[in-house]
Amino acid sequence: MKKGLLFLLPLLLGACSAKEESPVIKVEKLYVSLEGEDGEIEKSKNYAGNLDQLPVLEPGDKVDAYLSLDGNGAELKTFKLLNEGEVLTDLVYEEGEVTSEGNLTNKEKGQLRFKDGVTKSKVLVQAVVEKVDQNGDVKLSFYLSSKAECEGAQEVIDLKTKAADNE
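If you're matching positions, the sequence shown starts at 32 in this note's numbering and goes up one per residue.
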């Protein structure tokens, strides 16, 4: 009996080591809203497949990132925004997929905890560039974990930025 269990151990340990078992965050759509010279807000094309072509952003510019979250066969556990103070964010999600028990979900902190049985979800992250440091480093960072014993997924969107003229 012990030999049979020892035979299964490598299969169980290796089950999540394959890349396809980890959860996946996919940027489906990415739009940028820039204030034009006439003061009108201009919404851009979809940059999801062309992140290197994103326009240069300034404080006050807005980014809408439509994300597809997939547990790859496992139930989703948590989604978290990992941003510092360089962007203000708001999450739009299917409330029926997220638990409201305790403080596991905290929209203000960018943290969602999924209900049992949810294996796929969609989230809209609305971000406003607040400040730009000297290096122009502004990122949208996300983390997703599943209930499988696998590493979570992290996605980072680098935003090209420049400081506002009045700074």
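Glycine included, C-beta positions come from ideal geometry on N, C-alpha and C.
Please read all numbers here as calculations on a predicted model, not as lab measurements.
- Closest by C-alpha distance to Ser172, out of Gly127, Leu113, Ala184 and Lys193, is Leu113.
- In the structure shown, Lys60 adopts extended strand secondary structure according to DSSP, grouped into three states.
- Of the residues assessed, Pro54 falls on the buried side of the cut-off, its CB having 16 or more other CB atoms within 10 angstroms.
- Only exposed fits Val187, as fewer than 16 other CB atoms lie within 10 angstroms of its CB.
- Taking Thr192 as reference, the option from Val58, Asp92, Ala79 and Leu61 with the minimal CA-CA separation is Asp92.
- In this chain, the beta strand (DSSP E) harbouring Ser172 covers Val169 to Ser177.
- Ranking Val87, Asn81, Lys151 and Leu85 by CA distance to the CA of Leu98 puts Lys151 first.
- Buried is the label assigned to Leu88, since at least 16 other Cβ atoms lie within 10 Å of its Cβ.
- For Glu186, DSSP records a beta bridge to Phe173.
- The C-alpha of Gly141 lies about 14 angstroms from the C-alpha of Thr130.
- Residue Leu82 holds the alpha-carbon nearest to the alpha-carbon of Val63 among Glu52, Leu82, Tyr174 and Ile56.
- Partner residues in the beta bridge of Asn137, as assigned by DSSP, are Gln142.
- Nearest to Pro90 by C-alpha distance, out of Ser75, Val58 and Gly116, is Gly116.
- Nearest neighbour of Asn134 by Cα position, chosen from Lys162, Leu143 and Asp189, turns out to be Leu143.
- Apart from the 5 residues on each side of it in sequence, Lys170 sits with its Cβ closer than 8 angstroms to the Cβ of Asn114, Glu117, Val187, Ile188, Asp189 and Leu190 in its chain, given in chain order.
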